[in-house]
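Sequence lines, in order, name chains S and W. Position 86 (the first sequence) corresponds to 562 in the numbering used here; numbering is contiguous. Position 200 (the second sequence) corresponds to 240 in the numbering used here; numbering is contiguous.
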Amino acid sequence: MVIVKRKTLTLAERLYLPEILRGMSITFAKMFKPKVTRQYPEEPLPTNEVTRGQPRLRQLIDGNLACVSCGLCEAACPAYAITIDGQETDRFIEREPEKFEIDMLRCILCGFCEEACPKDAIFMSTELELAGFTRASLKYDIDKLKRTMPELAPRMDYIKRINERW
Amino acid sequence: MNDFLIILIKTCVIYGGLIGAAALMTLAERKFSAWMQLRYGPNRVGPWGLLQPLADGVKFIFKEELCPDGANPWIFRLAPILSAVPAMLTVAVIPFAGDVTLFGVDCGNLSITDLDIGTLFLVAIGGLSVYGVILGGWASNSKYSLLGGLRASAQMISYELSLIMIILCIVAMTGSLDLRAITESQNTGNPLSWNVFSQPLAFVIFVIATFAETNRHPFDFAECEPELVAGFHTEYSSMKFALFFLGEYCAMIVMACLTTTLFLGGYSVPFWEDAPWFIELGSFCAKAGFFAFLFIWVRWTLPRFRFDQLMHLGWKVFLPLALANLLVTGAVISLA
């Protein structure tokens, strides 16, 4: 049998009031401490190349996508968020996507597409904000997904660096 | 005619001030609670979030009105009114300042009325607000509401007893039920003549009893979120809920004003006996504001009591102490 020993309270503690005043002095002092809340839209979260935000497509310098519409990211996507329709092209890579659509409401930001891509065409960007008035408006097509090289450069370097480990 | 106009204007000003103060207090509650928890609180609507109560009011008006199945529709609608109206009525007898002279017109005292039985009126009407709580709890046809209403009424009735005993001490010392006479007896220019110094024990009991009387933390058994969802107003929505809210905050403000009047010399200014009325009003607002802040301060500091602890405190500690205080006061008065 466990016997819990009660702490014997002093008279001041049994009167409650001095202890209550002590507690109130603590809360009063807290009012003037610096606040810990982040004022979100004005103070966004810091992002860096490790941030795994929404997937974006890499644009080559000539303006075309690096994607060859091989469909590996579509197959790797666990949430079935990616839809690709390929077409032939006269460019050296011979195939390019006619339609590349990511349903941002399905995307779980896992980064598997980035890992699966053999052509370094899709990367997780630092963009985190997602809002829209209709479901259809959150199905991003090529126009909304393509990003220039400098925008994705830090992430590309980072992916290259960790891929070199194995 | 002129007298009637003056009274009409005074009524509008004081009730406008009361509603405004209640709205401000809902904001202050959120602001201070946020600061005590190292947050910012509402700061988006207007400068420093000052228009937040307005936004809340608009939101409440546009919310859907619900009346639960099996609820008594008439009593269900009556209860919020019964909760808010007594709290607002009681402010009529509080003297906010002395004689007011505005644009050369003598407007009389800054209070809606100077009843000879002001204290009695305040206690009687204030006691009615328990009906709002228990009828709201009963008419909702919900177990949580009923339990919340029962607890609240038990608590308010038991603490009202010690509250009235304390008021009786002050009334006995002053020899008048008139709140203005009570204020004037303390308005000697010397703060030491305030009742808080002659009745320190009564002051402490009174302040704690007002917390129980207005159903505030640490005695908010009417709401008691972890046990009773939201207590007596669980089933209320829209403006009906807002009325309960308004009633609660008005009751807090009235109680703060009453504490000021009874114990801190009401509108009297320290070391200045014949201060002009606006300085007196400022002095009153500063004192009442402190007690209003105290309500918020204590709420965000202390955890809730257990119900049996509350009853123990009310019946076995406060009531005997208040009675003993009254006895000693009476003895001192009759001997002196």
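Cβ coordinates follow ideal geometry from the N, Cα and C atoms, glycine included. Every value quoted in this text rests on a predicted model; they were computed, and no experiment measured them.
Flag this pair as touching only if the stretch 193-211 of chain W and the stretch 239-257 of chain W have three or more C-beta atom pairs under 8 Å; answer yes or no. yes
With a threshold of 8 Å between beta-carbons, can methionine 500 of chain S be considered close to chain W, or not? yes
Can we count threonine 523 of chain S as close to the ligand ATP, meaning its CB is less than 7 Å from some heavy atom? Among the components modelled here there is no ligand, and therefore nothing to report on the ligand ATP.
C-alpha gap between isoleucine 222 of chain W and threonine 299 of chain W, whole angstroms: 12 Å
Exposed or buried, alanine 164 of chain W, counting other C-beta atoms within 10 Å across all chains shown (16 or more means buried)? exposed
Compare the C-alpha of glycine 229 of chain W against each of W:Gly166, W:Leu187 and W:Glu320 and name the closest. W:Glu320
For phenylalanine 358 of chain W versus isoleucine 245 of chain W, is the C-beta spacing smaller than 8 Å? yes
Chain W partners of lysine 511 of chain S, CB-CB under 7 Å? Leu78, Arg79 and Tyr80
Name, going along the chain, the residues of the stretch 316-342 of chain W whose beta-carbon falls closer than 8 Å to a beta-carbon of chain S. Trp337, Val338, Trp340, Thr341 and Leu342
Between the Cα of alanine 63 of chain W and the Cα atoms of W:Leu90, W:Arg346 and W:Phe324, which residue gives the shortest distance? W:Leu90
Using 10 angstroms around the beta-carbon of leucine 367 of chain W, count the other beta-carbons present and answer buried if the total reaches 16, otherwise exposed. exposed
With valine 544 of chain S as the anchor, note down where its beta strand (DSSP E) starts and where it stops. Element bounds for valine 544 of chain S: n/a, residue is neither H nor E.
Would you say methionine 477 of chain S reaches chain W, if we count a Cβ-Cβ gap shorter than 8 Å as a contact? no
Between the Cα of methionine 500 of chain S and those of W:Phe72, W:Trp114, W:Met65 and W:Ser151, spot the shortest distance and give me the residue it belongs to. W:Phe72
Leaving out five residues on either side along the sequence, give the residues of the same chain with a beta carbon under 8 Å from the beta carbon of isoleucine 121 of chain W. Gly172 and Leu283
Quick check on glycine 287 of chain W: does DSSP put it in helix, strand or coil? helix
Would leucine 363 of chain W pass as a contact of methionine 205 of chain W if the rule is Cβ separation under 8 Å? yes
For leucine 533 of chain S: DSSP bridge partner residues: S:Ile598 and S:Lys622
Is it the case that the Cβ atoms of serine 601 of chain S and arginine 631 of chain S are separated by a distance below 8 Å? yes
Using a cut-off of 7 Å between C-beta atoms, extract the partners of lysine 506 of chain S located in chain W. Met76 and Leu78
With 16 as the cutoff for other CB atoms within 10 Å, does glutamate 253 of chain W come out buried or exposed? buried
Compute the Euclidean distance between the alpha carbons of glutamine 349 of chain W and phenylalanine 259 of chain W, then round it to the nearest angstrom. 10 Å
Tell me whether glutamine 239 of chain W is buried or exposed, calling it buried when 16 or more other Cβ atoms sit within 10 Å of its Cβ. buried
Determine, for phenylalanine 259 of chain W, whether the minimum Cβ-Cβ distance to residues of chain S falls below 8 Å. no
Could you tell me the boundaries of the alpha helix (DSSP H) in which glycine 329 of chain W lies? 317-339
Start-to-end residues for the beta strand (DSSP E) that takes in glutamate 574 of chain S: 571-579
Quick test of your reading: threonine 274 of chain W and serine 151 of chain W, contact by CB under 8 Å. State the CB separation rounded to the nearest angstrom. Actually they are not in contact, since the Cβ atoms of threonine 274 of chain W and serine 151 of chain W sit about 37 Å apart, beyond 8 Å.
Below 8 Å, can you find three or more Cβ-Cβ pairs linking the stretch 336-346 of chain W to the stretch 500-516 of chain S? yes
On the DSSP letters alone, give me the boundaries of the alpha helix (DSSP H) that glutamate 495 of chain S sits inside. 493-506
Could you tell me whether the Cβ of phenylalanine 72 of chain W comes closer than 8 Å to any Cβ of chain S? yes
Per-residue DSSP class, three states only, for glycine 97 of chain W: helix
Could you tell me whether any Cβ in chain W is nearer than 8 Å to the Cβ of threonine 527 of chain S? no
Would you identify the three-state DSSP class for isoleucine 121 of chain W, choosing helix, strand or coil? helix
Simplified DSSP state of threonine 214 of chain W, which is helix, strand or coil: helix
Among residues of its own chain, excluding the 5 on either side of aspartate 75 of chain W, which ones have a beta-carbon nearer than 8 Å to its beta-carbon? Note on identity: in this sequence residue 75 of chain W is tryptophan, with aspartate being the wrong assignment. So the list reads Gly81, once near-sequence residues are dropped.
With a CB to CB cut of under 6 Å and the five nearest residues on each side skipped, what residues in its chain are close to arginine 514 of chain S? none
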